[in-house]
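Engineer:
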Amino acid sequence: MRVGLFVPCYVDQFYPQVAIATLQLLEKLGCEVVFPTRQTCCGQPMANSGYEHLTGDCNELFVDNFKEFDYIVCPSGSCTLHIKDHLHAQDEGGAQHIRKRIYELTEFITDVLKQPIKATFPHRVGMHQSCHGQRGLHISQMSELVAAPFSKPESLLQQVSGLELVTLDRKDECCGFGGTFCVFEEAVSVKMGKDRVSDHVKHGVEYITGADMSCLMHLEGILKRQNSPVRVKHIAEILNAE
Amino acid sequence: MSARERILAAVKNSQPEHTPLPDIAFLKEPVLASKEQFATIVQAIGATIFFVKDITEVKEILQEKFQQLPRKITSIAALAGIADVNWIAADPHSLENVDLAILDARLGVCENGAVWLTENEMVQRVTPFIADSLAIVLTADKLVATMHAAYEVIGDSQYGFASFIAGPSKTADIEQSLVLGAHGPRNMFIFLIH
Amino acid sequence: MHSDKTHSELAEKFNIDEPRVNWHDETLWWIRQKRDKAVWQLPEWESLREAASQIKHNVLAHLSEYLEAFERNAIANGITVHWAADAKEHNEIVYSLLQKHGITQMVKSKSMLTEECHLNDYLAEHGVEVIDTDLGERIVQLAKEPPSHIVLPCIHWKKEEIGELFHKYLGTPEGNADPQFLTHAARLHLREKFLTRKLALTGVNFAIAETGEFVVCTNEGNADMGAHLADVHIASMGIEKLIPKREHLGIFLRLLTRSATGQPITTYSSHFKQPRKGQEMHIVLVDNGRSVQLGREAFRNSLKCIRCGACMNTCPVYRRSGGHSYHTAVAGPIGSILAPNLDMKQYADLPFASTLCGSCSNVCPVKIDIHDQLYKWRQVLVQDGYTPKAKTLAMKAMATTLSKPGMYKSAGKVGRWMIRKVPGLVNNKLNPWYKQREMPEAPKQSFREWYAQNKKK
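Protein chains in written order, with the numbering used here: chain A, 26 to 267; chain B, 320 to 513; chain C, 99 to 555.
1. Whose CA, out of C:299, C:230, C:277, C:393, lies closest to the CA of residue 189 of chain C?
2. Straight-line CA distance for residue 454 of chain C to residue 313 of chain C?
3. Bridge partners of residue 298 of chain C, per DSSP?
4. Looking at the structure shown, is residue 242 of chain C part of a helix, part of a strand, or coil, going by DSSP?
5. Could you tell me whether any Cβ in chain C is nearer than 8 Å to the Cβ of residue 439 of chain B?
6. Compile a chain-ordered list of the residues in the stretch 498-509 of chain C whose CB is closer than 8 Å to at least one CB of chain B.
7. Would you kindly report the start and end of the unbroken alpha helix (DSSP H) that includes residue 218 of chain C?
8. If you measure from the beta carbon of residue 149 of chain C to each beta carbon in chain B, is any gap under 8 Å?
9. Strictly under 8 Å for the Cβ-Cβ distance: is residue 239 of chain C near chain B by that measure?
10. In whole angstroms, what separates the C-alpha of residue 174 of chain C from that of residue 381 of chain C?
11. In whole angstroms, give me the CA-to-CA distance for residue 231 of chain A and residue 480 of chain C.
12. Given that residue 508 of chain B touches chain C, what residues does it touch there, using C-beta distances under 8 Å?
13. Using alpha carbons as the reference points, say which of C:433, C:475, C:517, C:414 lies closest to residue 214 of chain C.
14. Residue 358 of chain C: which of C:435, C:458, C:206, C:510 sits nearest, CA to CA?
15. For residue 410 of chain C, name the three-state secondary structure that DSSP assigns.
16. In three-state terms, what does DSSP make of residue 403 of chain B?
17. Can you check the stretch 160-184 of chain C for any alpha helix (DSSP H) of at least 4 residues that lies completely inside it and give the ranges in chain order?
18. Would you please verify whether the beta carbon of residue 249 of chain A is less than 8 Å from any beta carbon of chain C?
19. Find the nearest neighbour of residue 113 of chain A within the set A:132, A:105, A:84, A:91, judged by alpha-carbon distance.
20. If you measure between the beta carbons of residue 167 of chain A and residue 95 of chain A, is that distance less than 8 Å?
21. So what does DSSP say about residue 62 of chain A, is it helix, strand or coil?
22. Determine the burial state of residue 260 of chain A: buried for a count of at least 16 other Cβ atoms within 10 Å of its Cβ, exposed for fewer.
23. Is DSSP giving residue 552 of chain C helix, strand or coil here?
24. Are there 16 or more other CB atoms within 10 angstroms of the CB of residue 526 of chain C, so buried, or fewer, so exposed?
25. Give the interface partners of residue 198 of chain A over in chain C, defined as CB-CB distance under 7 Å, in chain order.
26. Taking a cut of 8 Å between CB atoms, which residues from the stretch 350-365 of chain C lie near chain B?
27. Using a Cβ-Cβ cutoff of less than 7 Å, which residues in the same chain neighbour residue 91 of chain A once the five nearest sequence positions on both sides are dropped?
28. Using a C-beta cutoff of 8 Å, does residue 164 of chain A count as contacting chain C?
29. If you measure between the beta carbons of residue 131 of chain A and residue 164 of chain A, is that distance less than 8 Å?
30. Suppose the cutoff is 8 Å on Cβ atoms and the five residues either side in sequence are ignored; what does the same chain contact list for residue 546 of chain C look like?
31. Look at the alpha carbon of residue 449 of chain B and the alpha carbon of residue 488 of chain B, and state the distance between them as a whole number of angstroms.
32. Enumerate in chain order the residues of its own chain whose CB-to-CB distance from residue 46 of chain A is below 6 Å, with the five nearest sequence positions on each side excluded.
33. Taking the C-alpha atoms as reference points, what is the distance between residue 303 of chain C and residue 395 of chain C?
34. By alpha-carbon positions, which one of B:513, B:360, B:408, B:391 ends up nearest to residue 402 of chain B?
35. Can you tell me whether residue 40 of chain A is helix, strand or coil according to DSSP?
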């Protein structure tokens, strides 16, 4: 199985360890993983700001980079959702193939690989449900719906030896990152982030994890400003921890 | 062109392709009405329920509990002895000082504790809203499980005005603190004859 | 409520008092939790939402026919039907009815449509006194403010402040902030109005095409007290309030209040079909941009809204920015997709006042795709030129960089180097990220550099 690793641009630049963990984890689980080096970004920062019409070149580049793979896997629900919903190109067949075959990392493990996780992370952890993964890709059930609960990322974390997963007061409230929202609506964005952080802190976590580094980057910025000992870790790093 | 013609033309020009109404038969499948559920919800929404065997027992309770209230009115002939029945043609404003209005209801809904009264039972439309307390007499065979069942019973019946009434008048506009008796009745009593 | 300030500026102001933001957030979250508890009582909840959404879709597809049927049946019931193309026409119709009867004082129960039309201001200019009779609306009216929430008009007010307000206007004892006491004071104050006013205006929750009747839902009973004691009853409704059949009320009444407050039904769901003997009953059917929205394929579903307010209660932005930050009659997520239809320039900021988290669409009882429409409004507003030039230039530069791998690679390298070597470049007060958050550390090596070194054959 040839997997194209799609690494969000800000992960590539600021959180290389998350992409390394993703790569190593997928290889451990038996995938042949390739990182197409001409990849850049899914185009979401422009599109969510109302400039989807400027994303044509990004889309063409994305299709060129990823159309050959059996699966495309990404350690971000948000970028995955953007591709699924908005990727179109001159090679529409290629774009369609990618839209169907792109997976967020945790759903790829639970739904396609269906393999157990062997990892150790002896810490108290809070799971941040990122909205696009949850409400967009449906990797976890949503608290608004009258429907049976499930969570793909949590089902993986529960296999990690030594890991203690806490139950939050508000299990799926948005952290307030929201792409450019985090700067154009700075006051509300930060307040939302502070409130998410305090829910985790209140439940005594050592780490906040999640399937989207963008949310975690925002929460990390707040934690550091508060000089909090609580750290953030992408779920790939935990699932890859030995 | 009149506003009517302009609006209708604009709407017609903008409205999307035909889509059919959904099949809602699944909501109308009969569900057993439960007087216990009705009683639980009626109390949860701030009303008081009395289980009685007949109208005589209603009369006894009313006499025992509400004798001291100066102005009681009713549209139920059998209660003529304990409440005024000669108010039918009154100016609605004159009901302002009614302490207790005792009215029949046509239906009770178990899922939400609401009772259905038409203008006939209210006599004056304002009666169940203006009285300080409202007492409803309802026979248990008039209970239905859901709102869908309620509208099955109501069907295309004629009325000038009708209302579902669920508990006493209430508001929580001040810091979400529930207060009974916003404008209408402060108390609601339901006599369920079974 | 016109404002020169944008949502983000007004929200920043709201956030100066953090304990108050916490209080506002927790109050609304509590209502969201009551909603959750109520909807979990009904295993068929999701099918009810779907049925309601489909019924409303049928309404939109046949709106002109339903409007004509409703008008025909309402007239047969003895109701006078008026049509108003916009807010101005609506207000003029109401005023002409007041004039006809020589009435200068009236009562009004909650109607967001009259807020949208700024009816109170218009009538005040014409010497008519309007008393809002919903307790929450009366409170904000005394405070000379618009409601901050469509179901909970004074959710942003604390009881102590209401106590002061009532002391000033209703003569209650100073320092008394007991909700029970204050509600009773308002009851006495408003009962006198109900008994003396000759004209009552109400909103409409649902209008039934097949019967020509309309339904008004309140918990307080204020719509009924007004309408049943007045000589003239005017009901103002947006043309999208129609539903085809009486039996459909079963679905909508089950959804409305469970979504709004978690109650199984409002205290009063009053069905007005004919005027009371000796009374005049009027309905004003108002378009005010609705037929335009109906023509916008991407946004027409917003007209399905039944005004329950659930999207506001669940919205993490609304809860932390307050209703007034949206500077429009209907705040929150639904208001942010309705308002640009009325005035793109004035409300260009609202579709951006969201993280697109999607919680609003999930609680919506008629399944409006609210967060998807927010995304689509952003595209429309940008295309139509309602975004700042600087933002457009920045986005163009970003798009160019991200579409050229070489340029992206070197920009990333240079950027990270600068953050490491000259942190003051980004860690300064001009950077909104840095104001209350630390920047992420810039590693020496990007992933692609690591990959080239360690993996690439």
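Built from N, CA and C at the ideal position, the CB exists for glycine as well.
Structural biologist: On the basis of the supplied data:
1. Comparing C-alpha distances from residue 189 of chain C to each of C:299, C:230, C:277, C:393 shows the shortest one belongs to C:299.
2. 33 Å
3. C:205, C:331
4. Coil at residue 242 of chain C, not helix or strand.
5. no
6. none
7. 217-223
8. Output row for residue 149 of chain C: interface = yes.
9. no
10. 13 Å
11. 42 Å
12. Neighbours of residue 508 of chain B on chain C: none; closest Cβ ~15 Å, over 8 Å.
13. Looking only at C:433, C:475, C:517, C:414, the smallest Cα-Cα distance to residue 214 of chain C is reached by C:433.
14. Of C:435, C:458, C:206, C:510, the residue nearest in Cα terms is C:458.
15. Helix at residue 410 of chain C.
16. strand
17. 161-174
18. For residue 249 of chain A, the nearest beta carbon of chain C is closer than 8 Å to its own beta carbon.
19. Cα-wise, what sits closest to residue 113 of chain A is A:84.
20. no
21. coil
22. buried
23. helix
24. Of the other Cβ atoms in all chains shown, fewer than 16 fall within 10 Å of the Cβ of residue 526 of chain C; this residue is therefore exposed.
25. 414
26. 351, 352, 359, 361, 362, 363, 364, 365
27. 29, 31, 61, 97, 123
28. no
29. When the beta-carbon positions are compared, residue 131 of chain A and residue 164 of chain A come within less than 8 Å of each other.
30. 507
31. Those two C-alpha atoms are separated by around 10 Å.
32. 261, 262, 265
33. 24 Å
34. B:391
35. coil
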